[in-house]
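Each remark here refers to the structure printed beneath this line.
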Amino acid sequence: MLIYVAKRVAAGVVLLLVVVTLIFIAVHLVPGDPARTILTGTGSTPTEDAVAQLRTELGLNLPIWEQYSRYLSELAHGSLGHSLQDGRPVTEYVAERMPRTLQLVGATTLVSIVLGVTLGALAARRGGFLDRVVLFLGSVGVAVPAYVAAILLIFVVGVQLQWLPSGGYVDLGEGFGPYLRALALPVVALSIGFTSIVMRMTRSSVLETARQDWVRTAEAVGLRRRAVFLRHVVRNALTPVLTVTGLQVGALLGGTVIVERVFSWPGLSGLLIDGVSSRDYPVVQGVVIVIAAMFIALNILVDISYGLFDPRGRR
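For this note's numbering, add 6 to where a residue sits in the sequence shown, where the first one is 1.
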């Protein structure tokens, strides 16, 4: 098992290095000069001498390979660099915004797993009424993009009915009730697709597991069908669901960008978009690398968990 874990971690480190390299190249291929953008933002027309001087101060005049080696050195020391706009460490920006994004992702994951697994398991009777309802709702949920759901929820629940706030962030210190009210609509918008995927996967996996010979054998020796279903069928059916859930949580880390923007949720998305618009390379690189690192780490944990549940997955 230790060898399996070491291989997965080593593969994750290599993949992260590839991601860092691709991100570094991509942001430097984006048209525009950060030095000129910064000086233009002061309200005056920058001279070429001023632009050249600022490029020198920011290290943008160095060859691309030297900038890359410096950036890798900073990463190795735990630094994501400094913002070109104000010189503030990118790690401070990320540390400030990331908990808010993780709150959104965590709440969405909890709601989606509970609803998806419960409804999927209940619907695992092929051709039944609940089965048809779940299949229909699952198909609709997968087809509706999160940003479309977000806009509809704001219009109906936030504007027309005025049941919940249509946007903004409330700190938990201001009260649990107001915090939940602010969290509700973004979580619902993100949970629709996630729940639908988990629900359909759980249904298919439970139906497949229930057809196994050992299930019929357990019932034949006198075990109650309900006990066999809950203790054995559902439990064994959750292994593939775990893999799908891990992938969906990873997708959520990047998929919250538009939803956070729609609901004015001050997470990593706002930081990323502001960094792109201002050509702030270190901020863009830092945010994307953090998201990529969390995605890779999550998939490593899923692989390890899968190996624990099913030893065949270690091969």
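Ideal Cβ placement from N, Cα and C applies to all residues, glycine included.
Limits of the unbroken alpha helix (DSSP H) element including residue i
{"i": "L259", "result": "V240 to V268"}
{"i": "T51", "result": "Careful: T51 lies outside any alpha helix (DSSP H) and carries neither H nor E."}
{"i": "F142", "result": "F135 to A149"}
{"i": "Q99", "result": "The displayed chain sequence assigns Tyr, not Gln, to residue 99. Run containing Y99: V96 to L128, per the alpha helix (DSSP H) assignment."}
{"i": "L22", "result": "L8 to L35"}
{"i": "R231", "result": "R231 to V234"}
{"i": "R285", "result": "Neither: R285 is in no alpha helix (DSSP H) and is coded neither H nor E."}
{"i": "R76", "result": "I70 to A82"}
{"i": "D219", "result": "D219 to A226"}
Rounded distance between the beta-carbons of residue j and residue i, thought under 8 Å
{"i": "A130", "j": "V227", "result": "Actually they are not in contact, since the Cβ atoms of A130 and V227 sit about 22 Å apart, beyond 8 Å."}
{"i": "T115", "j": "V255", "result": "5 Å"}
{"i": "G281", "j": "V289", "result": "3 Å"}
{"i": "V240", "j": "A224", "result": "So it is not a contact: roughly 13 Å between Cβ atoms."}
{"i": "F182", "j": "L258", "result": "Contact doesn't hold; Cβ gap of about 23 Å is too wide."}
{"i": "M104", "j": "L304", "result": "In fact, because the Cβ distance is near 14 Å, the residues do not count as touching under 8 Å."}
{"i": "V20", "j": "I295", "result": "Actually they are not in contact, since the Cβ atoms of V20 and I295 sit about 15 Å apart, beyond 8 Å."}
{"i": "V57", "j": "A41", "result": "5 Å"}
{"i": "L110", "j": "P37", "result": "Wrong, their Cβ atoms sit about 32 Å apart, outside the cutoff."}
{"i": "R209", "j": "V154", "result": "Not quite, the Cβ-Cβ distance comes to about 24 Å (not below 8 Å), so this is no contact."}
{"i": "Q59", "j": "G65", "result": "At roughly 12 Å, the Cβ-Cβ gap does not stay under 8 Å, so Q59 and G65 are not in contact."}
{"i": "T124", "j": "R285", "result": "Contact flag wrong, Cβ pair sits at about 47 Å."}
{"i": "P272", "j": "Y175", "result": "5 Å"}
Pairwise C-alpha distance: residue j and residue i
{"i": "L278", "j": "N67", "result": "24 Å"}
{"i": "L90", "j": "I203", "result": "41 Å"}
{"i": "I96", "j": "G18", "result": "The residue asked about is misnamed: residue 96 is Val in this sequence, not Ile. Their backbone Cα atoms lie some 23 Å apart in a straight line."}
{"i": "F142", "j": "L8", "result": "43 Å"}
{"i": "R206", "j": "E214", "result": "12 Å"}
{"i": "V162", "j": "G112", "result": "25 Å"}
{"i": "T245", "j": "H88", "result": "42 Å"}
{"i": "L229", "j": "L159", "result": "46 Å"}
{"i": "S197", "j": "L189", "result": "12 Å"}
{"i": "R61", "j": "S75", "result": "18 Å"}
{"i": "Y35", "j": "R187", "result": "In the sequence on display, residue 35 carries Leu and not Tyr. Each residue's alpha carbon lies about 42 Å from the other."}
{"i": "T107", "j": "T262", "result": "8 Å"}
{"i": "D55", "j": "W71", "result": "24 Å"}
{"i": "L178", "j": "P184", "result": "8 Å"}
{"i": "V120", "j": "G147", "result": "16 Å"}
{"i": "I310", "j": "N242", "result": "17 Å"}
{"i": "V221", "j": "G134", "result": "21 Å"}
{"i": "E102", "j": "A149", "result": "33 Å"}
{"i": "T46", "j": "G84", "result": "32 Å"}
{"i": "P151", "j": "A216", "result": "32 Å"}
{"i": "A127", "j": "G260", "result": "29 Å"}
{"i": "G144", "j": "R231", "result": "27 Å"}
{"i": "D137", "j": "R237", "result": "21 Å"}
{"i": "I29", "j": "D219", "result": "50 Å"}
{"i": "D92", "j": "T53", "result": "20 Å"}
{"i": "G122", "j": "E63", "result": "53 Å"}
{"i": "I31", "j": "L167", "result": "47 Å"}
{"i": "A82", "j": "Y10", "result": "25 Å"}
{"i": "E180", "j": "S283", "result": "32 Å"}
Near the ligand MN: residue i beta-carbon under 6 Å from a heavy atom
{"i": "G183", "result": "By its list of ligands, the structure shown contains no ligand whatsoever, and the ligand MN lies outside what it can speak to."}
Sequence-distant residues of its chain with Cβ nearer than 6 Å to residue i (five each side left out)
{"i": "A156", "result": "A195, V265 and V268"}
{"i": "A12", "result": "none"}
{"i": "Y287", "result": "V33"}
{"i": "S270", "result": "G173 and G174"}
Residues near residue i in its chain [Cβ-Cβ closer than 7 Å; skip 5 each side]
{"i": "V308", "result": "L248, T249 and G252"}
{"i": "L22", "result": "A298, A299 and I302"}
{"i": "S118", "result": "S197, F200, T201 and V204"}
{"i": "I306", "result": "R14, V15 and G18"}
Sequence-distant residues of the same chain with beta carbon closer than 8 Å to residue i, five excluded per side
{"i": "L86", "result": "E80, P95, V96, T97, V100, P288, Q291, G292, I295 and V296"}
{"i": "L78", "result": "V26"}
{"i": "V165", "result": "S172"}
{"i": "W169", "result": "V163"}
### Query
Mind pulling the alpha helix (DSSP H) runs of 4 or more residues that sit fully within the region 143-201?
The region 143-201 contains these whole alpha helix (DSSP H) runs: 152-159.
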